[in-house]
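Residues 0 to 516 (numbering that gives the first Met the number 0) make up the sequence shown, in order.
Input: a single structure, listed below in structure tokens.
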Amino acid sequence: MTMEHGEDCCVKVAVHVRPLIGDEKLQGCKDCVAVVPGKPQVQIGSHSFTFDHIYGSTGTPSVAMFDECVAPLVDGLFQGYNATVLAYGQTGSGKTYTMGTACKEGSHIGIIPRAMAALFDKIESLKSQVEFQLRVSFIEILKEEVRDLLDPTVATVGKVENGNGHPKLSVPGKPLVQIREASNGVITLAGSTEVHVSTRKEMTACLEHGSLSRATGSTNMNNQSSRSHAIFTITLEQMRKTDPIMTADGMPIEEMNEDYLCAKLHLVDLAGSERAKRTGSDGLRFKEGVHINRGLLALGNVISALGDEKKRKEGAHVPYRDSKLTRLLQDSLGGNSKTVMIACISPADTNAEETLNTLKYANRARNIQNKPIVNRNPIADEMKRMRQQIEYLQAELVSARGGVASDDVQILRDRISWLEQTNEDLCRELYYIRNRCQNDPYEPEIQKTLNGFTKSDGLKRSLQSTDPFDIPMTDSIRGNPKDIEDEVAKEWEHTMLQDSMGKELNELNRQLEQKEI
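Here's what the structure looks like:
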């Protein structure tokens, strides 16, 4: 996947102030949070903070949150931009309700269900012009282990210690989900399930299935406390058709009039920070709380490092690797993503200290500079470049010597015709191979093998010295590889051939210009 640079942008931060709940009213809690009328400003004690948006507690109504904060991110997916929505705050502050990951009454107004609706509405309006593919994944980070919530081999049993009645029983010998970093710096999850969906109903079913498998438990501060960080990811692939170009024989080159974009929307529901003394946690709950706080501390350190302008200019180290949570959010914070953080807070005076800490971290997050870029398939980039070169050369041939081709020009014309046909064959074969390799479970081994080929001077010399006319297309291009090494070598060979063809076209262009002088 290649990327086109866009403009840097800051992480946008919205504050969601939930109302006092029944238990807090019974305890006589008072509201300690004040929203300045008409301004995105919140006050707590002697502290005042300004954010991009404030919702709840007489601020902007909560129902406007999606339209103002998330809808622009959904629209950006169709332009090829990654996006992240991150709910942050103490336990019991309303993060899961805000995101809509809870499968219960009222969850339909959450961000995730509304994002699904907006996504499919947009697809419906564009489906005549664009071909779409959708995939979803749902993982949780529980006690520093990444767990697949959509794993089809997972079974559910009766109610046990984790409190939600849906513990995970993995198939023996199945490898755990591993965090991997590709050669281009993109963070991926090896071993996680990606489900292809085509309707809103299918996507909702994935959300509900994963939510039921997520670890929850009861504490003194929250009857249904999330014990893990959850990330629901929607991957949108789109193929846009452009005006076709013609070969020398007047035939359209189908593979060269397609533009491929791939973007991801990460919807993150974090576990809430908590204090064992207040939650009354012990045993398993206490251990879970320790891991939750450790991950949130690492997240806070990343936010502090990225939000400090002085450290950022000095190129200070950002501790992404301190936890699996920050590793997975590496692109979302300071990387290739448009990100919105929703700081969920409680207005109760008994939670004033935790609320103040949440607002401080959210205020720092506003200073984080992200670098969102258009994620375009490299095949499309190569096609676009070759398309421009071929169009230019065709125009030159038509105008050469008043439209009358000499023997030399005719030779060049034949050469270009051959290059067009060869490039067409290469594009088809390369697209076929990339599709086969895209979801290959041995992708890490493929990447390792590819890196090995890249470092091999012998292979590079042999490929670079190969004359395109001497290559037997039937055997070397259209062969059916039976192992990973042959698959990678063939893809590498195709790429080198296309580069060679590009140089050939440039040389032809130079020769045409000389003949016109």
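Each residue gets a CB set at the ideal place from its N, CA and C atoms; glycine is no exception.
Pairwise C-alpha distance: residue j and residue i
i	j	result
glutamate 395	tryptophan 417	17 Å
threonine 198	glutamate 67	25 Å
glutamate 428	threonine 494	11 Å
valine 517	valine 10	Residue 517 lies beyond the residue range present for the chain, which begins at 0 and ends at 516; the question has no answer from this structure.
glutamate 180	threonine 57	44 Å
serine 336	aspartate 51	18 Å
alanine 361	isoleucine 341	8 Å
alanine 114	alanine 304	30 Å
leucine 296	glycine 55	27 Å
threonine 97	leucine 425	49 Å
leucine 85	serine 499	45 Å
threonine 357	glycine 75	28 Å
glutamine 78	leucine 264	12 Å
serine 92	isoleucine 53	15 Å
valine 129	methionine 238	6 Å
glutamine 388	asparagine 505	8 Å
glutamate 144	threonine 234	23 Å
glycine 555	glycine 184	No statement about residue 555 is possible, as the shown extent of the chain runs from 0 to 516 and does not include it.
glutamate 236	aspartate 22	46 Å
aspartate 147	valine 69	25 Å
isoleucine 470	asparagine 422	For isoleucine 470, the predicted model reports a pLDDT of 39, less than 50, meaning its position is unreliable; a value from the coordinates is still stated below. The straight-line gap from Cα to Cα measures roughly 13 Å.
cysteine 343	glycine 27	21 Å
arginine 17	threonine 100	17 Å
threonine 354	tyrosine 87	11 Å
lysine 94	arginine 386	49 Å
phenylalanine 231	leucine 298	18 Å
phenylalanine 65	leucine 283	36 Å
threonine 187	methionine 202	21 Å
glycine 37	leucine 175	50 Å
aspartate 330	phenylalanine 285	31 Å
threonine 214	glutamate 207	Reading off the sequence shown, one finds alanine at residue 214, where the question assumed threonine. Cα to Cα, the separation comes out at about 13 Å.
cysteine 8	arginine 509	42 Å
asparagine 376	tyrosine 80	13 Å
glutamate 123	leucine 328	30 Å
valine 397	glutamine 177	56 Å
heavy atom of the ligand MN below 7 Å from residue i C-beta
i	result
serine 303	Although the ligand MN was asked about, the structure shown includes no ligands whatsoever.
Secondary structure of residue i, DSSP reduced to three states
i	result
asparagine 366	coil
alanine 181	coil
threonine 198	coil
leucine 85	strand
alanine 214	coil
glutamate 428	helix
leucine 175	coil
aspartate 498	helix
arginine 239	strand
glutamate 193	coil
threonine 90	coil
serine 416	helix
asparagine 356	helix
arginine 386	helix
serine 455	A caution first: serine 455 carries a pLDDT of 47, below 50, which makes its placement in the model too unreliable to give a value.
valine 156	Because the pLDDT of valine 156 is 37, which lies under 50, any placement of that residue in the model is unreliable, and the number read from its coordinates should be weighed accordingly. Coil, per DSSP.
glycine 164	In this prediction, glycine 164 scores a pLDDT of 45, lower than 50, which makes its location untrustworthy; the coordinate-derived value is nonetheless stated afterwards. Glycine 164: coil per DSSP, three-state reduction.
threonine 465	Residue placement at threonine 465 is poorly supported in this model, since its pLDDT is 42, which falls under 50; the coordinates are not used for a value here.
Boundaries (first-last residue) of the beta strand (DSSP E) holding residue i
i	result
glutamate 123	Premise fails: glutamate 123 lies in the alpha helix (DSSP H), 110 to 125, not in any beta strand (DSSP E).
glutamate 130	129 to 141
valine 73	Unbroken run through valine 73 is the alpha helix (DSSP H), 70 to 76; no beta strand (DSSP E).
asparagine 335	Unbroken run through asparagine 335: none, as it is neither H nor E.
threonine 149	Here residue 149 turns out to be leucine, not threonine, going by the sequence shown. Where leucine 149 is concerned, there is no enclosing beta strand (DSSP E), given that its DSSP letter is neither H nor E.
arginine 375	372 to 375
Endpoints, the alpha helix (DSSP H) within which residue i is located
i	result
threonine 95	94 to 98
- [ ] Report the residue ranges of all alpha helix (DSSP H) runs contained in full by the region 259 to 331; include only those spanning at least 4 residues, in chain order.
- [x] As far as the region 259 to 331 is concerned, its whole alpha helix (DSSP H) runs of at least 4 residues are 275 to 278, 283 to 306, 308 to 313 and 323 to 327.
Open item on the list: Quick test of the definition: if touching needs 3 or more C-beta pairs under 8 Å, does the region 126 to 139 touch the region 190 to 208?
Closed with: The answer is yes - the region 190 to 208 touches the region 126 to 139, with three or more Cβ pairs under 8 Å.
- [ ] State whether the region 287 to 295 contacts the region 304 to 316, with contact taken as three or more CB pairs (one from each stretch) at a distance under 8 Å.
- [x] Look at the beta carbons and you see the region 287 to 295 not touching the region 304 to 316: under three pairs across the two are nearer than 8 Å.
- [ ] Would you be able to state if there are at least three C-beta pairs under 8 Å between the region 20 to 33 and the region 42 to 50?
- [x] Yes, since at least three Cβ pairs between the region 42 to 50 and the region 20 to 33 fall closer than 8 Å, the two stretches touch.
- [ ] Could you tell me which uninterrupted alpha helix (DSSP H) segments, each at least 4 residues in length, are contained entirely in the region 1 to 63, listed from first to last along the chain?
- [x] Every alpha helix (DSSP H) of 4 residues or more that sits fully in the region 1 to 63 is shown, in chain order, as 21 to 25.
TODO: Decide if the region 352 to 371 is in contact with the region 115 to 127; the criterion is three or more beta carbon pairs, one per stretch, under 8 Å apart.
DONE: Contact between the region 352 to 371 and the region 115 to 127 is absent, because fewer than three Cβ pairs lie under 8 Å.
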